[in-house]
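**Q** Pasting a structure here, questions to come.
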Amino acid sequence: MSNADHVTWLRGGKDTWNERRRLVKFSPDLSNVNFSEVASLASQPEYNFRGFDFSGADLTFADLKGLDFERAKFTGADLSGANLSESNFFHARFDRAVFHGVVAKQAKFDQASFKDVDLRQSVLEGASFKNALVDSNAMTTLQADIISLTPKRSRVFVREPYKIGTHDRSLDNLSSEPPQKEQTYLVLYATNRKRTSTESDWTFGNLRDNKLNFGAAQVFVPKSHKIGSVGSPFWKRRLIGDDRLKIRKLTPLNGDLHWEMVTENFSAGRDSSPATVLIHGFNTSFESAVLWAAQIGTDLGLRRGISLFSWPSQGAMTAYSVDEGAVEASKHHLAQYLIEYMDNAPEGVNIIAHSMGCRCLAGALEIIGLSNPAKLRNLKHIVFAAADVDQDVMRNVGAHVVGNSGLTTSYVCGNDLPLSTSGWLHDYARVGLLPPVFLLSEVDTVEVGKARLLELGHGYVSSAKEILNDLFQILIHSKAPAERFALEEVAHGSGHWRIKE
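Structure (structure tokens):
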């Protein structure tokens, strides 16, 4: 049986399919799939499979009849028993593919490549192999006679374009320079938001889903990017040019592929990055969360990417109470996600939570700590930034918050308007706001008191170079506060530190 996720992904189009295969290595299981049915369920009219990468795929007994697979790649694929009749495979690559029992009557294989492919057990009546690359012993004499081709391994480029329907398809200009790929940054996401469609694409909205959705975002980071910024305001861009980070591609993944990417990118190795999960705060859309994560990951030098847990914030200043309900409900999804993450990142996981997202993290840590406290030791460094958490609630879950194997840090500030408003609404002090300063055993409380940093507002954790540098010392070098050059101790032995003036 075929893999249901793989079949669904076929309907997403060539670019998304090929991008997913580029991001993570997997062998598509498309056995017994009727490709005509897949095409009929796709959103685009006259759907085709031109340029799809089916390399290494299981296509046994699949029905590919009567469709367009121009320039598709079937390298190393198993096509045993498949029906390829009446389909267009112009310039397709079948090198090292298995063709045992294939039926390909009236198929167009012009300019296709069949290196190391045995065609002798396939049915090829009426098939066209004009200028194809075929091994000299790949066909029987009878097959060669039927298709009017003397088997000979040679490459001949056609002088005229191959015609299908009313559209001409000519060979690529082989002498042209290949286009340079722009550099993008990888954000692996998990979200309990529901997927929603836009006019031209899709994204995740503000409605809750009852499951986790996984994927990978490719974010363009311009060379003009400034540390601590996702882009300049409009008036400034008129003067200096566009320096905004932009989401180039969202690629859905199932759980298996997502965790494969986590293992590949964040396991110990020369080019790996420390596994780091970000959790955003109140008033944050999915797109804003992805850009925020990419900016932090880029500025911290996490070259292989960063992970993001995005809960269904409404993305509106007026929806504070709605976000409170959503973040409370999301702690169970986050606990599930962190448990699976720890299983797939044996070297440990760092976590940075901001604002209301700190409630989600504190709740998830409590869930994990009550069910499997030993699991918390697989967490390395935990950072609460501008935590919109009731101070008494944090004291009650404190044992779980400090159950990790590394440092636990809380960034606090005395001039944070959103937290001041939250404290007024709840009529109780917040962890990220002082006075009173929140101190907890085994938690390093770092006070942000510099006037310039206070001007950056509630989002100072991602905007201030001093904070980003301090995070770098924590996540990359595991340095305690006394070893971090930007900090000074407020009171000896209290766990209260301050960014130096």
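Letter by letter, the sequence shown follows residues 65 to 565 in this note's numbering. For every residue, glycine included, the Cβ atom is placed at its ideal position computed from N, Cα and C.
What is the DSSP secondary structure of His289, counted as helix, strand or coil?
**A** coil
**Q** Given that a residue counts as buried once 16 or more other Cβ atoms are within 10 Å of its Cβ, and exposed if not, what is Asp127?
**A** buried
**Q** With a threshold of 8 Å on Cβ separation, who are the neighbours of Gly140 within its own chain once the five nearest residues in sequence on each side are excluded?
**A** Ser119, Gly120, Asp159, Arg160, Ala161
**Q** Distance, Cα to Cα, Arg157 vs Asp407?
**A** 38 Å
**Q** Pick helix, strand or coil for Pro316, following the three-state DSSP scheme.
**A** In this structure, Pro316 counts as strand in the three-state DSSP scheme.
**Q** May I have the straight-line CA-CA distance separating Gly165 from Phe178, to the nearest angstrom?
**A** 16 Å
**Q** Kindly list the residues whose CB is nearer than 6 Å to the CB of Ser394, restricted to its own chain and excluding five residues on each side of it in sequence; keep chain order.
**A** Asn256, Trp375, Cys424
**Q** Just the C-alpha distance for Val391 and Lys78, rounded to the nearest angstrom, thanks.
**A** Counting only the Cα atoms, Lys78 lies some 36 Å from Val391.
**Q** What are the start and end residues of the beta strand (DSSP E) that includes Ala417?
**A** 413 to 418
**Q** Could you tell me the alpha carbon to alpha carbon distance between Glu506 and Lys137, rounded to whole angstroms?
**A** 56 Å
**Q** How long is the line joining the alpha carbons of Ala353 and Trp299, rounded to whole angstroms?
**A** One alpha carbon belongs to Ala353, the other to Trp299, and they sit about 23 Å apart.
**Q** Would Tyr492 be called buried (16 or more neighbouring beta carbons within 10 Å of its own) or exposed?
**A** Burial call: exposed.
**Q** Alpha carbon to alpha carbon, how far is Arg301 from Asp265? Give it in angstroms, no decimals.
**A** 26 Å
**Q** Hey, is the segment 283 to 292 in contact with the segment 304 to 324, meaning 3+ C-beta pairs nearer than 8 Å?
**A** Enough Cβ pairs lie closer than 8 Å, so yes.
**Q** Can the beta-carbon of Ala339 be found closer than 7 Å to that of Ala409?
**A** Inclusion of Ala339 and Ala409 in the CB contact set at 7 Å is warranted, their separation being smaller than that value.
**Q** Enumerate in chain order the residues of its own chain whose CB-to-CB distance from Asn98 is below 8 Å, with the five nearest sequence positions on each side excluded.
**A** Ala126, Asp127
**Q** Name, in chain order, the residues that DSSP records as bridge partners for Ile432.
**A** DSSP, once it has assigned bridges, lists no residue as partnering Ile432.
**Q** If you draw a straight line from the C-alpha of Gln170 to the C-alpha of Gly130, how long is it?
**A** 10 Å
**Q** Taking Gly369 as the reference, give the member of Cys422, Val251, Glu553, Lys194 with the closest Cα.
**A** Val251
**Q** Mind reading off the beta-carbon distance from Val465 to Leu429? Whole number of angstroms is fine, and I expect it under 8 Å.
**A** 6 Å
**Q** CB-CB under 8 Å to Asp534, same chain, minus the five flanking residues each way: which ones, in chain order?
**A** Val510, Arg548, Ala550, Leu551, Ile563
**Q** Find the nearest neighbour of Ser95 within the set Asp122, His322, Thr80, Ser349, judged by alpha-carbon distance.
**A** The shortest C-alpha separation from Ser95 is found at Asp122.
**Q** Would you call Ile304 buried or exposed, if buried means 16 or more other Cβ atoms sit within 10 Å of its Cβ?
**A** exposed
**Q** Please name the residue in Asp93, Trp73, Ser377, Gly145 whose C-alpha comes closest to that of Gly187.
**A** According to the sequence provided, residue 187 is Val. The question's Gly does not apply to it. Considering only alpha carbons, the answer is Gly145.
**Q** Ser151: buried (16+ other C-beta within 10 angstroms of its C-beta) or exposed?
**A** buried
**Q** What are the start and end residues of each continuous beta strand (DSSP E) run of 3 or more residues lying completely inside the segment 507 to 549, in chain order?
**A** 508 to 512
**Q** Among the residues of its own chain, which have a CB less than 7 Å from the CB of Leu503, if the five just before and after it don't count?
**A** Thr509, Ser558, Gly559, His560
**Q** With distances taken Cα to Cα, identify the nearest neighbour of Asp199 among Arg459, His541, Asp180.
**A** Asp180
**Q** Output the boundary residues of the alpha helix (DSSP H) element that contains Thr124.
**A** Under the DSSP assignment, Thr124 falls outside any alpha helix (DSSP H); it carries neither an H nor an E label.
**Q** For Asn112, which residues in the same chain have their Cβ closer than 6 Å to its Cβ, ignoring the five residues on either side in sequence?
**A** Excluding sequence neighbours, Asn112 sits near Asp132.
**Q** So His397 is in the alpha helix (DSSP H); what residue range does that whole segment cover?
**A** 384 to 408
**Q** Shortest alpha-carbon distance to Gly412 belongs to which of Ala196, Gly279, Asn479, Ser331?
**A** Answer by Cα proximity: Ser331.
**Q** Whole-angstrom Cβ separation of Gln175 and Ala196, contact assumed at under 8 Å?
**A** Rounded to the nearest angstrom, the Cβ distance from Gln175 to Ala196 is 6 Å, consistent with a contact under 8 Å.
**Q** Which of helix, strand or coil does DSSP assign to His560?
**A** strand
**Q** Does the beta-carbon of His541 have 16 or more other beta-carbons within 10 angstroms, so that it is buried, or is it exposed?
**A** Here His541 is exposed: its Cβ has fewer than 16 other Cβ atoms, across all protein chains shown, within 10 Å.
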